[in-house]
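Everything on this sheet refers to the single structure shown next.
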């Protein structure tokens with residue numbers, strides 16, 4: 001059975017690059033690797049949440065992707081929106097699943 005796409009490709013119009021740090025270069029700067037590069041549904045909306053240490057964290061945006069952008073990997077690092085005009089750190093990620101276990105969409109909360 002084919003499940004409906006809750007975040008179809010037609011609404012994913014903002015170019016984004018998800019990258020994470022894989023180590024340190026010889027000069028001490030972080031070495032970054034690209035995890036995903038494509039389009040997403042990006043919306044900016046501020047909200048405040050408490051982290052594990054009971055500190056107040058302000059989330060500034062949400063990025064929604066059709067399907068699973070990194071199968072089998074933990075998503076962390078930063079999101080580069082619109083070719084570098086906006087750079088946000090990833091606070092959390094979640095994968096919404098269909099009843100058969102496949103991933104319908106991926107949601108990143110950005111700060």
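In the UniProt record's numbering, the protein residues as written are 1 to 111. Using N, Cα and C, we set each Cβ at its ideal position, and we do this for glycine too.
- DSSP places residue 7 in no beta strand (DSSP E); its state is neither H nor E.
- If the five residues before and after residue 75 are omitted, its C-beta is found closer than 6 Å to the C-beta atoms of 93, all from its own chain and listed in chain order.
- Listed in chain order, the beta strand (DSSP E) runs fully inside the stretch 3-90 are 14-24, 30-50, 56-66 and 78-81, counting runs of at least 3 residues.
- Short of 8 Å from the beta carbon of residue 99, and not among the five residues preceding or following it, lie these beta carbons of its own chain, in chain order: 3.
- Annotation: residue 52 to residue 78 spans about 20 Å, alpha carbon to alpha carbon.
- In this structure, the alpha-carbon of residue 65 lies about 27 Å from that of residue 56.
- Taking the CA atoms as reference points, residue 42 sits about 22 Å from residue 21.
- Per DSSP, reduced to three states, the secondary structure at residue 98 is coil, with no helix or strand assignment.
- When the Cα atoms are used, residue 104 and residue 8 turn out to be separated by approximately 10 Å.
- Setting aside the 5 residues that flank it on each side, residue 33 is surrounded in the same chain by 19, 20 and 22, each with a C-beta closer than 7 Å to its C-beta; the list follows chain order.
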